[in-house]
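Trainee:
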Ligand code: SAH
Ligand code: SF4
Ligand code: F3S
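In our numbering, the protein residues as written are 10 to 476.
1) Are there 16 or more other CB atoms within 10 angstroms of the CB of residue 78, so buried, or fewer, so exposed?
2) What residue range is occupied by the uninterrupted alpha helix (DSSP H) comprising residue 295?
3) What distance in whole Å lies between the Cβ atoms of residue 271 and residue 315, which are believed to be in contact at a cut-off of 8 Å?
4) Since residue 85 contacts residue 109 with CB under 8 Å, what's their CB separation in whole angstroms?
5) I'd like the span of the beta strand (DSSP E) that includes residue 452, first residue to last.
6) Select from 185, 198, 199 and 214 the residue whose C-alpha is nearest the C-alpha of residue 165.
7) In angstroms, rounded to a whole number, what distance separates the CA positions of residue 317 and residue 282?
8) Excluding five sequence neighbours on each side, which residues of the same chain lie with their C-beta closer than 7 Å to the C-beta of residue 436?
9) Among 139, 280, 191 and 288, which residue has its Cα nearest to the Cα of residue 311?
10) From residue 208 to residue 371, what does the alpha carbon distance come to, in whole angstroms?
11) Spell out the partners DSSP gives residue 175 in its beta bridges.
12) Residue 336: which of 380, 463 and 347 sits nearest, CA to CA?
13) Report all residues for which the CB-ligand distance to some heavy atom of ligand 2 is below 6 Å; order them along the chain.
14) Could you tell me the boundaries of the beta strand (DSSP E) in which residue 134 lies?
15) Could you name the residues of the same chain whose beta carbon sits closer than 6 Å to that of residue 453, not counting the 5 residues immediately before and after it, in chain order?
16) Between the Cα of residue 203 and the Cα atoms of 161, 188 and 216, which residue gives the shortest distance?
17) Alpha carbon to alpha carbon, how far is residue 368 from residue 94? Give it in angstroms, no decimals.
18) Excluding the five sequence neighbours on either side, which residues of its own chain have a C-beta within less than 7 Å of the C-beta of residue 201, listed in chain order?
19) Quick check on the burial criterion: 16 or more other C-beta atoms within 10 angstroms. Buried or exposed for residue 459?
20) Is it the case that the CB of residue 260 approaches a heavy atom of ligand 1 more closely than 7 Å?
21) Should residue 59 be listed as close to ligand 3, given that the test is whether its C-beta is under 7 Å from any heavy atom?
22) Distance check for residue 115 and residue 341, CA to CA, integer angstroms please.
23) Would you list the one or two residues that DSSP bridges to residue 283?
24) Alpha carbon to alpha carbon, what distance is there between residue 194 and residue 188?
25) Taking the alpha helix (DSSP H) that residue 428 falls in, what are its first and last residues?
26) Can you tell me which of 181, 356 and 22 puts its alpha carbon nearest to the alpha carbon of residue 141?
27) For residue 73, which of helix, strand or coil comes out of DSSP?
28) Use the C-beta contact count for residue 143: other C-beta atoms within 10 angstroms, 16 or more gives buried, fewer gives exposed.
What follows is the structure in structure tokens.
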């Protein structure tokens, strides 16, 4: 098959990685990447179900393609990712011109199904077994969520020198608001040697920075020769792979932050001192309704331990505002947590009820939307003030960045510090993909502005090793 394809990606980094892998699968079967959606004969949507808004946007985009399909009877429209697993037949019902539906656990079947649809074999679907269906064995369910064929083609990555690597599938935390455990299936860690092999391949392709992905990545656990391999051990193994300069991992579940892991981050030259540890809320009553297994005090202890163990560490978090029954007092506890913890950044979401989750079943989505919006803005303002202050304190300091692309203005480049802060500066495109030592000369809440001091490995002041 030599058709041109285009993939539209929404959702989290897992989906960004899946789109890369899907592209690699299609290319290995003779397909080519279209320059744009306009030129594509196969249009694929990699979808997210975490909030309603994300799904509605996909259905609108699908609706707009009805006309395209009537003019391109040989064209193929496919939906893969989390919404494909969650909505399945609903997609064919709401958008009958869709040809292919593939769940995230069945990604490797995408090329076959696209091919069958192009041959006029009618609607095609491959989804994992519903994990709540009692009749199925746990093993069969697990298996159906881990179809995986990680062909790493450098041409499918936006940047040759950066890559994401999945180390875990699925999630078993069952936070009451969250759809992920049902659409991504049971939690499973990939074998360590398989991960190390994949990262070696990436390093051979010129990759210097890897981001390890898992829904609770710090709970990674695999067995090897009768021994348990934890994330700290895996980081050590990756640290020994030639060419890899930076390793980070997302997302962390607050109760799994062991001392061994924090020490590994402190001691391993490649592990960057940047930790995304979503708190979700600052009130114990709400954390309980959310089925998060820690208290606000325990979360505070954890962040204190992180700052103590890893000097200069940056912590980021996710928060949900307007969760079922959230009172103003409860919300203010989140505000206090953000004020006290001094996160590098917080990603704030308005609660969105998802059918099939515990919170949809047990609680009313009773916080009015304008209250959610107000709380969202209030929390954002608190966080922005903290970010602005932290950035101002970095002016005059030296940081090491990996230059990862162009800035917004002509002649500008952009890079990231070890603690994931964005630095914008003037420089030639030839520096993209290199490490540079920068002096910070100005800042906004979201961006640092720098000047090149020297090329290479000199020390810096942002986070450990100065960096
Ligand atoms: N496994 C990751 C993140 C998964 S989804 C983790 O636990 O960190 C990313 C973020 O979306 C979550 O951290 C949460 O803040 C938010 N989220 C999940 N379900 C949501 C919902 N129903 N409404 C609003 N935000 C939600
Ligand atoms: Fe969702 Fe919680 Fe799992 Fe994260 S840990 S994916 S928020 S259930
Ligand atoms: Fe969305 Fe699926 Fe990620 S629901 S947030 S794309 S795991």
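The beta-carbon is built from N, C-alpha and C at its ideal position, and this holds for glycine as well.
Mentor: Once the coordinates are examined:
1) buried
2) 293 to 298
3) 6 Å
4) 6 Å
5) 444 to 452
6) 214
7) Rounded to the nearest whole angstrom, the C-alpha separation of residue 317 and residue 282 is 12 Å.
8) 422 and 461
9) Answer by Cα proximity: 288.
10) 43 Å
11) 222
12) 380
13) 180, 182, 183, 184, 187, 189, 190, 224, 225 and 262
14) 133 to 135
15) none
16) 161
17) 20 Å
18) 231, 233, 238, 243 and 246
19) Flag for residue 459 reads buried.
20) yes
21) yes
22) 43 Å
23) 323
24) 10 Å
25) Note, residue 428: premise wrong, no alpha helix (DSSP H); not H, not E.
26) 181
27) Note: residue 73 maps to helix in three-state DSSP.
28) exposed
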